[in-house]
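Residue numbers (the working numbering): 1 to 186.
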């Protein structure tokens, strides 16, 4: 039952995000209330993914070597940094069209490396597939991209510091709710 809920959650997450891209007329007809419907669907999808992942008996596909934890943490730092790049509109954002989705992909790949279960493959592989398809759909719908204006260099430093801070905070919360993400003992 847990794996089914997990699959349902990943599918609902993707469907709610793709709704605007795949059915733009229906989404536009919903007006502002459509945002609420999508937000509720996303919240339900997250709840389903968490409950499904926790309920499912792990089916081990591989045992990741210990050093993968460090590679995962590097990818997670990149993910947080790319989110900060997007929010601060740094100069790197002038080179990367979709920094948030790129960060999301780094997050998913990092987790795929260290979670060797079928449920991990469903969750992180499914979310990685969603992010890849999202970039493709967005680029097809909006072929032209206007690069953001040049940003002051302090924003790059702020993005690095912010990413490091967020990674440490989220890592601590991750350790309270699940496995300790930094290797060694918690």
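For each residue, glycine too, the CB sits at the ideal point set by N, CA and C.
If you check the beta carbons only, do residue i and residue j fall under 8 Å apart?
i	j	result
residue 108	residue 127	yes
residue 202	residue 41	This structure leaves residue 202 out entirely; the chain is present only between 1 and 186.
residue 110	residue 76	yes
residue 6	residue 56	yes
residue 180	residue 116	no
residue 21	residue 118	no
residue 19	residue 27	yes
residue 94	residue 152	no
Taking just the CA atoms, how far does residue j sit from residue i?
i	j	result
residue 68	residue 164	19 Å
residue 133	residue 142	14 Å
residue 106	residue 96	14 Å
residue 156	residue 92	8 Å
residue 172	residue 120	20 Å
residue 53	residue 123	8 Å
residue 14	residue 130	6 Å
residue 184	residue 102	28 Å
residue 144	residue 182	40 Å
residue 24	residue 135	16 Å
residue 63	residue 72	14 Å
residue 176	residue 29	43 Å
Going by DSSP, which residues form a beta bridge with residue i?
i	result
residue 187	In the structure displayed, the chain extends from 1 to 186; residue 187 sits before or after that span and is not available.
residue 117	60
For the putative contact between residue i and residue j, defined by C-beta atoms under 8 Å, what is the C-beta separation to the nearest angstrom?
i	j	result
residue 48	residue 9	3 Å
residue 16	residue 38	5 Å
In or out: residue i buried (at least 16 other Cβ within 10 Å) or exposed?
i	result
residue 70	exposed
residue 161	exposed
residue 167	buried
residue 99	buried
residue 90	buried
residue 114	buried
residue 43	exposed
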